[in-house]
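Protein chains in written order, with this note's numbering: chain A, 287 to 429; chain B, 124 to 192.
For every residue, glycine included, the Cβ atom is placed at its ideal position computed from N, Cα and C.
Structure, as structure tokens:
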Amino acid sequence: MNRTQKIAWLFVITISLAVVSSLVAFAVLHFIFGMPKAAMISSSFIAIAGFGGFGPMIFPKDKGKIVCDERDTSINRKAALAGFAASYLVVGLACMLPFSILGPRATIPVVWLPNIFMAAGLTSFFVHSVVILVLYGRGGRNE
Amino acid sequence: MSKIKIKNKLRQFRFENNQMTQAELADKAEVTRQTIIAIEAGQYSPSLELAIKISKAFGKKVDDVFEYE
Numbered sequence: 287m288n289r290t291q292k293i294a295w296l297f298v299i300t301i302s303l304a305v306v307s308s309l310v311a312f313a314v315l316h317f318i319f320g321m322p323k324a325a326m327i328s329s330s331f332i333a334i335a336g337f338g339g340f341g342p343m344i345f346p347k348d349k350g351k352i353v354c355d356e357r358d359t360s361i362n363r364k365a366a367l368a369g370f371a372a373s374y375l376v377v378g379l380a381c382m383l384p385f386s387i388l389g390p391r392a393t394i395p396v397v398w399l400p401n402i403f404m405a406a407g408l409t410s411f412f413v414h415s416v417v418i419l420v421l422y423g424r425g426g427r428n429e
Numbered sequence: 124m125s126k127i128k129i130k131n132k133l134r135q136f137r138f139e140n141n142q143m144t145q146a147e148l149a150d151k152a153e154v155t156r157q158t159i160i161a162i163e164a165g166q167y168s169p170s171l172e173l174a175i176k177i178s179k180a181f182g183k184k185v186d187d188v189f190e191y192e
């Protein structure tokens, strides 16, 4: 397993953990505090995903003369494209769903905008990492 | 996803060249060992440039090492 795969695994684990713990916290806190306090506290659990950013510091550079070649570049390019496509979909849905459900004259709080931005970012990183793992063949089988 | 139709004789030529290791071939072709493993397993089709580098490492023509089915 190379460094890129290790970092991708860290992102997948931290983002999954952040989303699951946030949803669990929301489910529990909803009954205790009600809205909107439950939503505010539970969304803070998303910060767990930030630990994924330490990946490049945690995992040392690969040994050997060549650490990146045409296959790595190709995989990274495909993964980045998939990540951007997924985040575009999230932003598109976040824009179109309220419009479709609430109608053209409705208003939504501005606080939704940073949340949409965060959701798009998380989706992009998550999909990017998953695609990297899939394209590398889930790592280390033939090595 | 379409199946890769390029066959190769990397393994055969490695053994014919004093049992060259995947790491040695990777160094000669200036790629990672993972890429050589993927090419050998038929999971990745190399670029023309890389195919030429690999062929040169064996002292063969591209046609001898790679074959389109």
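8 Å Cβ cut-off: residues of chain B touching Asn362 of chain A: The count along the first sequence starts at 1 and reaches residue 362 of chain A at position 76. Those within 8 Å of Asn362 of chain A in chain B number zero; the least Cβ separation is about 13 Å.
Neighbour list for Leu148 of chain B in chain A, Cβ cutoff strictly below 8 Å: Taking the second sequence and counting its residues from 1, the one referred to as residue 148 of chain B is at position 25. None at all; the shortest Cβ gap to chain A is about 12 Å.
Can you grab the Cα-Cα spacing for the pair Leu296 of chain A / Leu303 of chain A, in whole Å? Here residue 296 of chain A corresponds to residue number 10 of the first sequence, with the count starting at 1. Here residue 303 of chain A corresponds to residue number 17 of the first sequence, with the count starting at 1. Going from the Cα of Leu296 of chain A to the Cα of Leu303 of chain A covers about 10 Å.
Looking at the structure shown, is Gly182 of chain B part of a helix, part of a strand, or coil, going by DSSP? Indexing the second sequence from 1 puts residue 182 of chain B at position 59. Gly182 of chain B falls in the coil class under three-state DSSP.
Mind pulling the chain A residues with CB within less than 7 Å of Ser170 of chain B? For the purposes of this step, residue 170 of chain B is taken as residue 47 along the second sequence, with counting starting at 1. Neighbours of Ser170 of chain B on chain A, chain order: Glu356.
Ile129 of chain B bridges to which residues according to DSSP? In the second sequence, residue 129 of chain B corresponds to position 6, counting from 1. Answer is B:Tyr191.
Does Tyr422 of chain A get closer than 9 Å to chain B when you measure Cβ to Cβ? As a position in the first sequence, residue 422 of chain A is number 136, starting the count at 1. Chain B, which has a Cβ nearer than 9 Å to the Cβ of Tyr422 of chain A, makes this yes.
Can you pull the chain B neighbours of Lys349 of chain A, defined as C-beta to C-beta under 9 Å? Within the first sequence, residue 349 of chain A is the residue found at index 63, counting from 1. Simply none; closest approach about 10 Å.
Would you mind telling me which residues of chain B sit closer than 9 Å to Val353 of chain A, beta carbon to beta carbon, in chain order? Reading the first sequence from its first residue, position 67 is the one you call residue 353 of chain A. Under the 9 Å cutoff, chain B gives Thr155.
Counting Cβ pairs closer than 8 Å, one from the region 142-160 of chain B and one from the region 169-186 of chain B, do we hit at least three? yes
On a CA-only basis, which of A:Gly423, A:Gly320, A:Ser328, A:Lys292 is nearest Val306 of chain A? Give me that one, please. On the first sequence, residue 306 of chain A is found 20 positions in, with the first residue counted as 1. The shortest Cα separation from Val306 of chain A among A:Gly423, A:Gly320, A:Ser328, A:Lys292 belongs to A:Ser328.
Along chain A, in chain order, which residues have C-beta atoms closer than 7 Å to that of Thr158 of chain B? As a position in the second sequence, residue 158 of chain B is number 35, starting the count at 1. Near Thr158 of chain B (Cβ distances below 7 Å), the residues of chain A are Asp355, Arg357.
Just the C-alpha distance for Leu133 of chain B and Lys351 of chain A, rounded to the nearest angstrom, thanks. Here the question's residue 133 of chain B lines up with position 10 in the second sequence. Here the question's residue 351 of chain A lines up with position 65 in the first sequence. The straight-line gap from Cα to Cα measures roughly 21 Å.
Just checking: is the beta-carbon of Gln166 of chain B within a distance shorter than 9 Å of some beta-carbon in chain A? In the second sequence, the residue the question calls residue 166 of chain B occupies position 43. Chain A, which has a Cβ nearer than 9 Å to the Cβ of Gln166 of chain B, makes this yes.
So Leu419 of chain A packs on Gln291 of chain A, CB below 8 Å; how close in whole Å? Translated into the one-based positions of the first sequence, residue 419 of chain A becomes position 133. Translated into the one-based positions of the first sequence, residue 291 of chain A becomes position 5. Sure, about 6 Å apart at Cβ, within 8 Å.
Report the neighbours of Leu173 of chain B on chain A: residues whose CB is nearer than 9 Å to its CB, in chain order. The residue labelled residue 173 of chain B in the question sits at position 50 within the second sequence. Near Leu173 of chain B (Cβ distances below 9 Å), the residues of chain A are Asp355, Glu356, Arg357.
I'd like to know whether the C-beta of Ser161 of chain B is nearer than 9 Å to at least one C-beta of chain A. The residue labelled residue 161 of chain B in the question sits at position 38 within the second sequence. Sequence inspection shows Ala at residue 161 of chain B; the Ser mentioned does not correspond to that position. Chain A contact via Cβ: present.
Through-space distance from Val310 of chain A to Gly369 of chain A, alpha-carbon basis: In the first sequence, residue 369 of chain A corresponds to position 83, counting from 1. In the first sequence, residue 310 of chain A corresponds to position 24, counting from 1. Going by the C-alpha atoms only, they are around 26 Å apart.
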